[in-house]
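K.L.:
Going line by line, the protein sequences match chains A and B. The number in our numbering is simply the position in the first sequence, starting from 1, with 1 added. The number in our numbering is simply the position in the second sequence, starting from 1, with 70 added.
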Amino acid sequence: MTQPKIEGNLQLDLGGFALNSGDFSIPLQGVTVLFGRSGSGKSTLLRAISGLDKRTRGHLTVDEQIWQNGHKTLPTQHRDIGFVFQDAALFPHLTVRQNLEYGIKRLPKTSRPADFDELVQRVGIAELLDREVTYLSGGERQRVAIARALLTRPKLLCMDEPLSALDWRAKAELLVLIEEVIEQTNLPVLYITHAPAEVERLADRVLFMKAGQVERMETLQQALARPDSPLFDEQGAVSVLLGQPKEQADGLQKVQVGEQSLWVSQYLVVNKPEVRVRILARDVSIGLADPQNLSIINHLQVEISELIPQDEHRMLVRLRLADGQHLFAEITQNSAKRLNLQAGLLVFALIKTAAMTE
Amino acid sequence: MLEIFGTQINLDPIWLTLEVAAMTTVVLLVLGTPLAWWMSQMRSSNKVLLEALVALPLVLPPTVLGFYMLIIFNPNGMVTEFLQLFGFEGQLTFSKAGLVIGSVFYSLPFAVQPLMHAFESIPSRLLDAAATMRASFLDRFFTIVMPLSQRGFLVAATLTFAHTVGEFGVVLMMGGNIPGQTRMVSIDIFDHVESMEYDQAHILSAMMLIFSLAVLMLVYGLNRRFGVKVG
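(1) Answer yes or no: does any C-beta atom of chain A fall closer than 8 angstroms to that of T77 (chain B)?
(2) Whole angstroms are fine: how far does the CA of G76 (chain B) sit from the CA of L242 (chain B)?
(3) Hey, quick one: how far does the beta strand (DSSP E) through T45 (chain A) stretch, first residue to last?
(4) Rounded to the nearest angstrom, what separates R279 (chain A) and T354 (chain A) at their Cα positions?
(5) Using DSSP with H/G/I as helix, E/B as strand and the rest coil, what is T77 (chain B)?
(6) Between the alpha carbons of L281 (chain A) and I105 (chain A), how many angstroms are there, rounded?
(7) Please go through the stretch 300–348 of chain A and give each complete alpha helix (DSSP H) segment of 4 or more residues, from N-terminal end onward.
(8) Considering only C-alpha positions, which residue in the set A:E216, A:Q12, A:K6 and A:V34 is nearest to L191 (chain A)?
(9) Using a Cβ-Cβ cut-off of less than 7 angstroms, list which residues of the stretch 96–107 of chain A approach chain B; keep chain order.
(10) In angstroms, rounded to a whole number, what distance separates the CA positions of H262 (chain B) and Q270 (chain B)?
(11) Per DSSP, S240 (chain A) is paired with what?
(12) Are the C-beta atoms of P217 (chain B) and some chain A residue less than 8 angstroms apart?
(13) Can L351 (chain A) and S286 (chain A) be called in contact, C-beta distance under 8 angstroms?
(14) Of all the CB atoms in chain B, is at least one closer than 8 angstroms to the CB of T153 (chain A)?
(15) When burial is assigned at 16 or more other CB atoms within 10 Å of the CB, is M254 (chain B) buried or exposed?
(16) So for F164 (chain B), helix, strand or coil by DSSP?
(17) For T57 (chain A), which residues in the same chain have their Cβ closer than 7 angstroms to its Cβ, ignoring the five residues on either side in sequence?
(18) Do the stretch 305–320 of chain A and the stretch 328–346 of chain A meet, that is, are 3 or more Cβ pairs less than 8 angstroms apart?
(19) What residues in the stretch 44–71 of chain A have a beta carbon less than 7 angstroms from any beta carbon of chain B?
(20) Can you give, in chain order, each stretch of the beta strand (DSSP E) that sits fully within the stretch 74–155 of chain B and has at least 3 residues?
(21) Nearest CA to the CA of G71 (chain A): which residue from A:R98, A:G52, A:R277 and A:L347?
(22) How should M266 (chain B) be labelled, buried or exposed, when 16 other C-beta atoms within 10 angstroms of its C-beta is the threshold for buried?
(23) Examine chain A for any beta-carbon lying closer than 8 angstroms to the beta-carbon of V298 (chain B), and answer yes or no.
(24) Would you say G42 (chain A) faces chain B, with C-beta separation under 8 angstroms as the test?
(25) Could you check whether V85 (chain A) and D161 (chain A) sit closer than 8 angstroms to each other, using their CB atoms as the reference points?
(26) Taking 8 angstroms as the threshold (C-beta atoms), are M244 (chain B) and G147 (chain B) in contact?
(27) Residues in its own chain within less than 8 angstroms of H314 (chain A) by CB, not counting five upstream and five downstream?
(28) Quick check: is the beta carbon of G83 (chain A) nearer than 8 angstroms to any beta carbon in chain B?
(29) Quick check: the stretch 220–228 of chain B against the stretch 159–171 of chain B, are at least 3 beta-carbon pairs closer than 8 angstroms?
(30) Excluding five sequence neighbours on each side, which residues of the same chain lie with their C-beta closer than 6 angstroms to the C-beta of T308 (chain B)?
(31) Please check if any C-beta of chain B sits within less than 8 angstroms of the C-beta of A400 (chain A).
(32) How big is the Cα-Cα spacing for T62 (chain A) and D81 (chain A)?
(33) Whose Cβ in chain B lies nearer than 8 angstroms to the Cβ of Q12 (chain A)?
(34) With a cut-off of 8 angstroms on the beta carbons, I'd call L188 (chain A) and D205 (chain A) a contact; round off their distance for me.
(35) For the stretch 191–202 of chain B, list every residue whose C-beta sits within 8 angstroms of some C-beta in chain A, in sequence order.
(36) Which two residues bound the contiguous alpha helix (DSSP H) that contains P197 (chain A)?
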């Protein structure tokens with residue numbers, strides 16, 4: 002059996018802006034983040050995929066079902082998608098409970114409703130059911146929106162910048178929730194964001210958009226391996242290491258990465274088999290020997306795989322961990338020369354700050 | 071006949087006026103709703119033309135409108151002859167039907183404009199969200215659009231009713247002022263004044279004044295109350 006996919010090539014002319022996606026093929030599995038600057042067409046593509054704009058042209062097949070063929074389009078209500086909008090789009094004339102029931106009432110006879118009470122508990126809105134949606138906070142609204150989308154038993158979950166309107170605390174809490182929900186429901190997700198931190202946290206793969214076109218699709222690791230990755234913001238290059246959470250001590254969390262271990266600052270209780278650790282390249286220094294008596298606790302033995310000169314006399318060093326994962330370090334070109342760094346050299350990466358992605 | 075302050079008032083024009091206004095309101099809500107929805111969703115420049123056409127009765131002298139409708143709906147005209155193919159008997163002008171047809175056109179903007187503005191103010195995301203929850207177009211219209219445009223419907227119905235009660239020129243042209251058949255209150259007042267029956271004119275005019283004031287206060291009250299809640 003072949004892997005189910007979203008395949009297509011969609012055009013949507015909005016007058017001032019035109020989407021002309023080019024061919025794309027997205028596996029219907031895991032989280033695909035649509036990433037690009039504002040105005041790159043991420044939202045337009047997602048609306049076209051959802052059938053929310055009648056002017057969409059082109060073709061689109063999802064799991065071998067035709068959703069768009071030229072002018073012929075399968076109406077949104079027949080596409081089995083759940084959609085979480087940036088501003089939640091709750092129905093203001095209905096209570097929280099009525100909002101949730103809207104989708105349940107319209108479930109096809111053949112599909113079994115989700116466990117309402119369990120979901121409402123998990124999403125954390127059990128106390129809010131009889132409230133008017135007008136009086137909910139931004140975070141609460143998004144929780145309701147997520148529950149509402151899941152209750153329609155979608156085959157594909159679309160999320161259009163669900164966190165962008167929230168403050169940082171609500172953002173952090175909701176990211177945990179979204180992560181849990183995705184893991185438990187095992188739904189394929191199309192997720193729009195322009196925040197690299199959300200990509201690093203959630204993405205299995207990244208679909209880069211530019212000027213109304215799909216530029217390329219890469220796995221998260223591939224996307225982060227490029228020294229000029231669009232995922233790098235003003236903080237510079239970033240690496241994400243996968244590891245297994247172990248014990249906790251003194252506010253630190255041990256994460257096993259291959260044979261070695263990292264201690265990272267602990268924000269939240271984790272109960273997942275695998276976590277992502279986000280490390281800024283500029284927080285990584287290089288030592289030729291393993292230095293003792295240092296405040297930095299994380300020393301990883303690594304191999305230099307590439308030296309990439311940058312402007313302003315900086316040098317980006319690509320390091321390979323024993324288990325094949327890679328890590329960027331940013332040092333000065335002067336230091337690289339002084340230490341005589343070369344590809345193939347075994348060195349120690351000294352990591353000042355590491356955090357589980359939040 | 072009713073006696074108020076010792077003056078005999080013929081109630082027929084009052085009942086006829088209320089009846090025509092009620093029928094006009096129903097017809098306009100039924101026909102105006104899809105028209106207003108269609109206009110609210112239009113993006114092309116045709117919308118300007120359509121908006122202007124709908125607003126035409128606001129600026130056109132009612133006699134002009136009435137004159138054209140007499141031409142279109144006259145007993146030997148195309149519309150009547152077309153209806154006769156389906157066994158229609160009688161005529162569209164100088165009858166109650168004529169009054170309603172005239173009123174429908176004359177009050178069109180008062181139904182369509184509030185509805186259109188109500189529809190335009192509904193965020194399209196709400197309808198998108200409903201579509202992703204498997205609601206069909208009509209389903210979305212009845213469960214999202216209508217409840218969220220309650221105020222628009224109330225304003226449209228009230229203004230249409232009141233405006234129809236207050237019209238003069240169009241009903242005179244289309245109805246012809248036949249006592250007991252097409253004589254509405256506004257024309258009745260005119261007749262009383264013509265015949266120097268100032269007592270009757272006073273009483274009917276005062277009734278119209280109070281009615282109109284009450285309706286306008288209702289409309290503005292609705293605007294204030296719901297404007298805060300729904301907006």
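We treat Cβ as the ideally placed atom computed from N, Cα and C, and that holds for glycine. In this text the structure is predicted, and so the values were computed from the model without any measurement.
P.N.:
In short:
(1) For the purposes of this step, residue 77 (chain B) is taken as the residue at position 7 of the second sequence. No, no contact with chain A.
(2) Within the second sequence, the letter at position 172 stands for residue 242 (chain B). Within the second sequence, the letter at position 6 stands for residue 76 (chain B). Cα to Cα, the separation comes out at about 29 angstroms.
(3) As a position in the first sequence, residue 45 (chain A) is number 44, starting the count at 1. Element bounds for T45 (chain A): not the beta strand (DSSP E) but the alpha helix (DSSP H), K43 to S51.
(4) Numbered from 1 along the first sequence, position 278 holds the residue referred to as residue 279 (chain A). Numbered from 1 along the first sequence, position 353 holds the residue referred to as residue 354 (chain A). One C-alpha to the other measures close to 9 angstroms.
(5) Within the second sequence, the letter at position 7 stands for residue 77 (chain B). It is a strand residue.
(6) Against the first sequence, residue 281 (chain A) aligns to sequence position 280. Against the first sequence, residue 105 (chain A) aligns to sequence position 104. Taking the straight line from one Cα to the other gives about 44 angstroms.
(7) 334–339
(8) As a working mapping, residue 191 (chain A) is identified with position 190 in the first sequence. When only C-alpha atoms are compared, the closest one is A:V34.
(9) Answer in chain order: Y103, G104 and R107.
(10) For this step, residue 262 (chain B) is matched to residue 192 along the second sequence. For this step, residue 270 (chain B) is matched to residue 200 along the second sequence. Between H262 (chain B) and Q270 (chain B), the C-alpha separation is close to 7 angstroms.
(11) On the first sequence, residue 240 (chain A) is found 239 positions in, with the first residue counted as 1. Answer is A:I280.
(12) Start at 1 with the first residue of the second sequence, and residue 217 (chain B) comes out as number 147. It does; some Cβ of chain A falls within 8 angstroms.
(13) Start at 1 with the first residue of the first sequence, and residue 351 (chain A) comes out as number 350. Start at 1 with the first residue of the first sequence, and residue 286 (chain A) comes out as number 285. Contact: yes.
(14) Start at 1 with the first residue of the first sequence, and residue 153 (chain A) comes out as number 152. Yes - at least one Cβ of chain B is within 8 angstroms of the one on T153 (chain A).
(15) Residue 254 (chain B) sits at position 184 when you count from the first residue of the second sequence. The residue in question, M254 (chain B), is buried, as its Cβ has 16 or more Cβ neighbours within 10 Å.
(16) Within the second sequence, numbered from 1, the residue matching residue 164 (chain B) stands at position 94. The answer is coil: DSSP assigns F164 (chain B) none of H, G, I, E or B.
(17) The sequence position of residue 57 (chain A) within the first sequence is 56, counting from 1. Answer for T57 (chain A): L11, L13, A49, Q69 and T74, listed in chain order.
(18) In this structure the stretch 305–320 of chain A touches the stretch 328–346 of chain A; the number of beta carbon pairs closer than 8 angstroms is three or more.
(19) S51 and L53
(20) 77–79
(21) Stepping through the first sequence from its first residue, residue 71 (chain A) is reached at position 70. Of A:R98, A:G52, A:R277 and A:L347, the residue nearest in Cα terms is A:G52.
(22) Locating residue 266 (chain B) in the second sequence gives position 196, where the first residue counts as 1. That one is exposed.
(23) Along the second sequence, read from residue 1 onward, the residue named residue 298 (chain B) stands at position 228. Model confidence at V298 (chain B) stands at a pLDDT of 38, short of 50, so the residue's coordinates are unreliable and nothing is read from them.
(24) The sequence position of residue 42 (chain A) within the first sequence is 41, counting from 1. No, because no Cβ of chain B sits closer than 8 angstroms to the Cβ of G42 (chain A).
(25) Taking the first sequence and counting its residues from 1, one reaches residue 161 (chain A) at position 160. Taking the first sequence and counting its residues from 1, one reaches residue 85 (chain A) at position 84. The answer is yes: Cβ separation under 8 angstroms.
(26) Taking the second sequence and counting its residues from 1, the one referred to as residue 147 (chain B) is at position 77. Taking the second sequence and counting its residues from 1, the one referred to as residue 244 (chain B) is at position 174. At least 8 angstroms separates the beta-carbon of G147 (chain B) from that of M244 (chain B).
(27) Position 313 of the first sequence, counting from 1, holds the residue named residue 314 (chain A). Excluding residues within five positions, the ones whose Cβ falls inside 8 angstroms are T333, Q334 and N335.
(28) The sequence position of residue 83 (chain A) within the first sequence is 82, counting from 1. Yes, contact with chain B.
(29) no
(30) The requested residue 308 (chain B) is not part of the displayed model; chain B covers only 71 to 301.
(31) There is simply no residue 400 (chain A) to check, as chain A begins at 2 and stops at 359 in what is shown.
(32) Counting from 1 along the first sequence, the entry for residue 62 (chain A) is found at position 61. Counting from 1 along the first sequence, the entry for residue 81 (chain A) is found at position 80. The straight-line gap from Cα to Cα measures roughly 13 angstroms.
(33) As a position in the first sequence, residue 12 (chain A) is number 11, starting the count at 1. Under the 8 angstroms cutoff, chain B gives no residues; its nearest Cβ is about 18 angstroms from Q12 (chain A).
(34) Residue 188 (chain A) sits at position 187 when you count from the first residue of the first sequence. Residue 205 (chain A) sits at position 204 when you count from the first residue of the first sequence. Cβ-Cβ separation between L188 (chain A) and D205 (chain A): approximately 12 angstroms, too far for a contact (criterion under 8 angstroms).
(35) For the stretch 191–202 of chain B, which is checked against every Cβ of chain A, the residues closer than 8 angstroms are P193, R195, L196, D198, A199, A200, A201 and T202.
(36) The residue labelled residue 197 (chain A) in the question sits at position 196 within the first sequence. P197 to L203 is the span of the alpha helix (DSSP H), which, as asked, contains P197 (chain A).
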